[in-house]
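Trainee: Structure in C-alpha cells, see below.
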DNA sequence: ACGTATTCTGACGTTTCGTCAGATTCACGG
DNA sequence: CCGTGAATCTGACGAAACGTCAGAATACGT
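Residue numbers (the numbering used here), protein chains in the order written: chain A, 1004 to 1218; chain B, 1004 to 1218.
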C-alpha cells in the first residue's frame, strides 16, 4: 500500500503550509468569480493574479494553468453534491414529494456552481481524463441509485424490459444537468421555476418508477 | 425594409469574392479540425493559420477571434439540423418507429458535430447573446413541435395538466443534447448504442404522447 | 534576536495577439 | 500579352499574456 495523504501540494510537489493554503484558496475563489463574470474562454492567469493582488508567479506555484484551477474547484464540488442524493434513499412509493425535493436541490446546486460545472462537463465531454474522473465521481452515486430504482420497477413489471437502466438513469441526469441552463429562456416565455421543477420531478418519477404521466 | 443579403463579409465589412470565400472556408474547416483534436480552450489563431499555411493576419480578415469562427460554424449547422425534425410531422400514434428514427438522426448529428455543438451550448449557457441567438434558432423548431405534441396529449387527457409543455420539451432536448456525450462511458459498461437509442426513444415517446413506459 | 524553512515576486525570454501599410495576386479591358 | 485597379494576403511590429527561476521577503521555532 503506497502512502497517500490528502495534503495539498504545490506544483513542485511539496506539501504546503497554512499561509500557502490561504493563498491557494484565494486563487480558487478569484478564479470562480472570474469564471462567473466572464466565460471560461477568457479567464487569464494574469487576471486571477491581479484580483488577489499577487504576482502571476504565485499562481503557478499552485496550478499549472487556469484549467488546472478549475479542475480543483470541480473536485471540491464532488464533496458537496453527495448530500443531494440522499433523497433517493427514501421510499418513493408515496408520491412525488422526494422527487420534487431532489430536483429543487439539484437546481439550487446548479444555480450556485453552474460556471464550474459547465467547464467540468465540457472538458469531460472533450475527453480530458482528469475531468472525466471528476465527472464520474460526481455522477456515480446518482447513477447507481437511479439504476437500481429502474431495475426494481422493471422487476415489478412497471417498466418495459427494453429500457436500459443505465441509459434511463443517464437521461434523467442529462435533464437535470442541462435544464438549469434554460431557465432564463423559460421564464421569458412564462414557464416559472416551480413549473419546471414540477415537470422534471414528474418525468423523473415516471422514468424511475414506471408511474404513468397522466396524473 | 432595410436591404439585407446573405453575402459573406470580411471583418471590415466589405463583401468578399470567390477567392476570399475559399480562404474563409479553409479557415473554418481548420478550426473545426483543431476543435475536434484538441479542446475548445486551446485552439489558437496561430494554429489555425499554420494549418492552412497562411499568415495570422489572414485569419483576422474574416473573424475577430477563434470564438467568432466557431460561431460561424455553429450558424452553418442550424441549416443542416432542420431536416432531422421532419420526424415530428408524422403521425406518432402508430408506435415508436418515428421516435427511434429521430433519436438516431440526432445522435448521428452529435457524433459529427459534437465539438462545435458543445461550444455553442457552453457559450450560450454563459449568456453570450450571439450564441444564444444561434441556440434559439437551433432549438426553436424542435421545441415548437414537441410542445404541440405535449399539448395535444394533455387535451386528450393522456398527460397530467401539471406538466409544463415547454419544460417537458426542454427536458427531452436536454436528453438528446447530453446523452451522446456519455456514449463512451455507457459502452464501457455494456450499454450499446442501440440500447441507448431504444431507451431514449421510449422516454421521448412517453413524455410527448403520454403512453406508459411499461411496454 | 537569530537561523532556517516556507512563500512570494521581480525580471526576463518566449509565445500569441491583433493591426496596418504595403506587397502580391487576379480579373479584365485594351 | 500587357497594363491597371481592385481584391486579397502578409511581413513586421507593439502590446499582452505565458511560464520560469533566482533571490527577496516573511513566518516560525528556539
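Backbone N, C-alpha and C fix where the C-beta goes; we use that ideal spot for every residue, glycine too.
Could you give the distance in angstroms between the alpha-carbon of residue 1081 of chain B and the alpha-carbon of residue 1028 of chain B?
Mentor: Counting from 1 along the second chain, the entry for residue 1081 of chain B is found at position 78. Counting from 1 along the second chain, the entry for residue 1028 of chain B is found at position 25. Each residue's Cα considered, the two are about 17 angstroms apart.
Trainee: With DSSP collapsed to three states, give me the class of residue 1018 of chain B.
Mentor: Counting from one through the second chain, the residue named residue 1018 of chain B turns up at place 15. Strand.
Trainee: With three or more beta-carbon pairs closer than 8 angstroms as the criterion, would you say the stretch 1189-1205 of chain B touches the stretch 1099-1116 of chain B?
Mentor: Yes: the two stretches touch, three or more of their Cβ pairs being nearer than 8 angstroms.
Trainee: Just to make sure I have the definition right: I need the residues of chain B whose C-beta is within less than 9 angstroms of the C-beta of residue 1189 of chain A. Which are they?
Mentor: For the purposes of this step, residue 1189 of chain A is taken as the residue at position 186 of the first chain. Correct list: 1167, 1169, 1170, 1173.
Trainee: Do we get a CB-CB distance below 8 angstroms when we pair residue 1043 of chain A with the residues of chain B?
Mentor: For the purposes of this step, residue 1043 of chain A is taken as the residue at position 40 of the first chain. At least one chain B Cβ lies under 8 angstroms of residue 1043 of chain A.
Trainee: Assign residue 1024 of chain A to one of two classes, buried (16 or more other C-beta atoms within 10 Å of its C-beta) or exposed (fewer than that).
Mentor: Taking the first chain and counting its residues from 1, one reaches residue 1024 of chain A at position 21. That one is exposed.
Trainee: Going straight from the alpha carbon of residue 1189 of chain B to that of residue 1171 of chain A, what length do you get?
Mentor: Here the question's residue 1189 of chain B lines up with position 186 in the second chain. Here the question's residue 1171 of chain A lines up with position 168 in the first chain. Approximately 11 angstroms, taken between the alpha carbons.
Trainee: Less than 8 angstroms separating the beta-carbons of residue 1076 of chain A and residue 1133 of chain A?
Mentor: Looking up residue 1076 of chain A in the first chain gives position 73. Looking up residue 1133 of chain A in the first chain gives position 130. Contact flag unset, no.
Trainee: Ordered along the chain, which non-local residues of its own chain (more than five positions away) have a Cβ less than 8 angstroms from that of residue 1048 of chain A?
Mentor: What you label residue 1048 of chain A is simply residue 45 of the first chain in a count that begins at 1. Excluding positions up to five away in sequence, the list reads 1059, 1062, 1063, 1068, 1069.
Trainee: Extract the residue ranges of the alpha helix (DSSP H) inside the stretch 1131-1167 of chain B, only unbroken runs of 4 or more that lie entirely within it.
Mentor: For the stretch 1131-1167 of chain B, whole alpha helix (DSSP H) runs of length 4 or above, ordered along the chain, are 1132-1158.
Trainee: In chain order, what residues of the stretch 1071-1091 of chain B put their CB closer than 7 angstroms to some CB of chain A?
Mentor: Answer in chain order: no residues at all.
Trainee: Give me the subset of the stretch 1189-1213 of chain A whose CB atoms are less than 7 angstroms from a CB atom of chain B, sorted by chain position.
Mentor: Correct list: 1189, 1192, 1194, 1198, 1199, 1201, 1202, 1203, 1205, 1206, 1209, 1210, 1213.
Trainee: Cβ of residue 1100 of chain A less than 8 angstroms from any chain B Cβ?
Mentor: Position 97 of the first chain, counted from the start, is the residue given in the question as residue 1100 of chain A. Chain B contact via Cβ: absent.
Trainee: Taking the straight line between their C-alpha atoms, what separation do you get for residue 1161 of chain A and residue 1111 of chain B?
Mentor: Your numbering for residue 1161 of chain A matches position 158 in the first chain. Your numbering for residue 1111 of chain B matches position 108 in the second chain. Looking at the two C-alpha atoms, the distance is approximately 31 angstroms.
Trainee: Taking contact to mean at least 3 C-beta pairs separated by less than 8 angstroms, is the stretch 1116-1125 of chain A in contact with the stretch 1116-1135 of chain B?
Mentor: The stretch 1116-1125 of chain A vs the stretch 1116-1135 of chain B: in contact.
Trainee: In chain A, what lies closer than 7 angstroms to residue 1097 of chain B by C-beta?
Mentor: Taking the first residue of the second chain as position 1, residue 1097 of chain B is located at position 94. Those within 7 angstroms of residue 1097 of chain B in chain A number zero; the least Cβ separation is about 17 angstroms.
Trainee: Taking the CB atoms as reference points, tell me whether residue 1051 of chain B and residue 1037 of chain B lie closer together than 8 angstroms.
Mentor: Within the second chain, the letter at position 48 stands for residue 1051 of chain B. Within the second chain, the letter at position 34 stands for residue 1037 of chain B. Taking 8 angstroms as the Cβ cut-off, residue 1051 of chain B and residue 1037 of chain B qualify as a contacting pair.
Trainee: Under 8 angstroms: do the stretch 1193-1200 of chain A and the stretch 1134-1147 of chain B share three or more Cβ pairs, one atom per stretch?
Mentor: No, the stretch 1193-1200 of chain A is not in contact with the stretch 1134-1147 of chain B.
Trainee: In this structure, how does DSSP classify residue 1012 of chain B when only helix, strand and coil are distinguished?
Mentor: Along the second chain, read from residue 1 onward, the residue named residue 1012 of chain B stands at position 9. Here residue 1012 of chain B sits in strand by DSSP.
Trainee: Compute the Euclidean distance between the alpha carbons of residue 1153 of chain A and residue 1166 of chain B, then round it to the nearest angstrom.
Mentor: Counting from one through the first chain, the residue named residue 1153 of chain A turns up at place 150. Counting from one through the second chain, the residue named residue 1166 of chain B turns up at place 163. One C-alpha to the other measures close to 22 angstroms.
Trainee: Name the chain A residues that come within less than 8 angstroms of residue 1163 of chain B, Cβ to Cβ?
Mentor: What you label residue 1163 of chain B is simply residue 160 of the second chain in a count that begins at 1. Going along chain A in sequence order, the residues near residue 1163 of chain B (Cβ under 8 angstroms) are 1205, 1216, 1217, 1218.
Trainee: Kindly list, in the order they appear in chain B, the residues whose Cβ is closer than 8 angstroms to that of residue 956 of chain A.
Mentor: Residue 956 of chain A lies beyond the stretch modelled for chain A, which goes from 1004 to 1218, so this question has no answer here.
Trainee: Taking Cβ-Cβ distances shorter than 7 angstroms, what residues in chain A pair up with residue 1178 of chain B?
Mentor: Numbered from 1 along the second chain, position 175 holds the residue referred to as residue 1178 of chain B. Chain A residues near residue 1178 of chain B: 1174, 1177, 1178.
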